[in-house]
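The next block holds one structure in the form of structure tokens; read it before the comments.
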Amino acid sequence: MKICVVALGKIGLPLAVQFAAKGHTVLGADVCERTVRLVNEGLVPFPGEADLDVKLKQAVSAGLLSAGTDTAAAVAEADVVVVVVPLFVDGAGVPDFGWLESATRDIARGLRPGTLVSYETTLPVGTTRNRWAPLLAQGSGLVAGRDFQLVFSPERVLTGRVFADLRKYPKLVGGIDAGSTERGVAFYEAVLDFDERPDLARGNGVWDLGSAEAAELAKLAETTYRDVNIGLANQFARYADTIGVDVDLVIDACNTQPYSHLHRPGIAVGGHCIPVYPRLYLWNDPAATVVRAAREANAEMPAYAVDLLAAAVGDLTGLGVLVLGAAYRGGVRETAFSGVFPTVAELARRGARPYVSDPMYSADELTGLGLPPYAGQQLGAAIVQADHAEYRTLTAEDLPGVRVIVDGRRTTDPQRLPGIRRIVIGG
């Protein structure tokens, strides 16, 4: 097959490489000229994805992967088009379809009869059928389901381990009609390999969910579940703080029973997925009070961490506070919806002098993100925002002047911090 992958980002590029590794010819399309140039040179345009550097070089050297900025031209050569263009939401949770609509119009200009189009970007329920099918038809003059096939097949991977996750988790597929679904299932069976999963009732592989709407809901449901579960854990943690109980011990005890799967509390829920997809679900289902309450509970946690600090040290006015970690999670160089932003904002609102450090970011990069970098300023306290591995070995000498540390991820070792009062959420 000839496969066009639209958007060569942290998910799209590994997908393109995976397809090429199965012997298919892959045409990558991206609006960023730098990304296109680096891909064509066999160089990864972003760090941190396991095995991508080697696999990309192999694919490019074999002549199986090339990239360009002309999406319509790439689509015109393809048997299958896989779309991984990002979808954003605004502060009110309203989805912004701008980038995806632009990409879809470009796809429509190059669309030929017999092509399969698969959207992997997480979408509100009904988007594939009610938004993309008409837009593709309008721009191509073709009829969805008759002249071309259209499916939704959500990406279910984490950046940093995309290739492993592609093998580990079933690939969910649902089309706008039976023919589209059948074609989508056959495509993914031809481009993916799967690990043995005896724990799965249906066995690992490509799962036919019957409709695009079912596949769209599955992705929103699995990510919203995590947000709701974390929100519940955060509520338990805040209550545990009022009664002097360690919530981690409680959660460990609960999870020994097979019907309890409590997640862990923490200072923030960040990233492209978990804080965003519940809002997409709420856009479909605004009456979902449980989802809304969990999202609000999780959004309050950075301010709660600052509350814990203020309860320990008193007035924060003029206090130098080092926020450890700009990334939304440990080991990932990404700040999308990171808890660092509301934490810094809340500290500043209360009169503190917040500073930020992160082993994955330079001072100039932090400044570019609107974060005040730490450069030896006088400190009195610290807050751990990201669970970087480097923070497991933090010592008192690494935190000059710090008297109190709020560890929002339970990452630090209290034995290494003599003389510093360590506070954890739910502890």
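Going by our numbering, the first residue of the sequence shown is number 38, and it counts up by one from there.
Glycine included, C-beta positions come from ideal geometry on N, C-alpha and C.
As the structure is a prediction and not an experimental result, all values here were calculated from the model.
| Query | Result |
| --- | --- |
| Any chain B beta carbon closer than 7 Å to L195 | Absent from the structure is chain B; it holds one protein chain and no more. |
| Whole-angstrom distance between A277 and A324, CA atom to CA atom | 29 Å |
| A115 and C41 closer than 7 Å at C-beta | yes |
| L416 to L356 span [Cα, whole Å] | 7 Å |
| Residue closest to T108, alpha-carbon to alpha-carbon, out of T141, V358 and P123 | T141 |
| Simplified DSSP assignment, three categories, for F83 | coil |
| Own chain, CB closer than 7 Å to A170, minus 5 neighbours either side, in chain order | A181, L187 and I213 |
| Whole-angstrom C-beta distance between L50 and V76, which should lie under 8 Å | 7 Å |
| Segment contact flag, the segment 417-434 with the segment 365-377, C-beta cutoff 8 Å, min 3 pairs | yes |
| S394, DSSP secondary structure in three states | strand |
| Run of the beta strand (DSSP E) containing V360, from where it starts to where it stops | G357 to L361 |
| D90 burial status per 10 Å Cβ neighbour count (16 or more: buried) | exposed |
| Buried/exposed call for S139, threshold 16 Cβ in 10 Å | exposed |
| Whole-angstrom distance between V43 and V119, CA atom to CA atom | 6 Å |
| Alpha-carbon spacing of Y341 relative to V194, whole angstroms | 30 Å |
| Where L50 sits in the DSSP three-state scheme | helix |
| Sheet register partners of Y156 (DSSP bridge) | V120 and F189 |
| Cross-strand partners of A181 (DSSP beta bridge) | F185 |
| Simplified DSSP state of F125, which is helix, strand or coil | strand |
| Burial state of E434 (16 or more Cβ within 10 Å) | exposed |
| Per-residue burial, P150 [other beta carbons within 10 Å of its own, 16 or more giving buried] | exposed |
| Candidates R220, P132 and R458: closest to V350 by CA position | R458 |
| Close beta carbons around M397, own chain, < 7 Å, minus the five adjacent residues each side | A364 and R370 |
| Where V282 sits in the DSSP three-state scheme | coil |
| Close beta carbons around I48, own chain, < 8 Å, minus the five adjacent residues each side | V121, E157, E192, V194, T196 and V199 |
| Between the CA atoms of L124 and G135 - distance to the nearest angstrom | 8 Å |
| Every unbroken alpha helix (DSSP H) within the segment 306-344, with a cutoff of 4 residues, ordered by chain | 314-321 and 326-336 |
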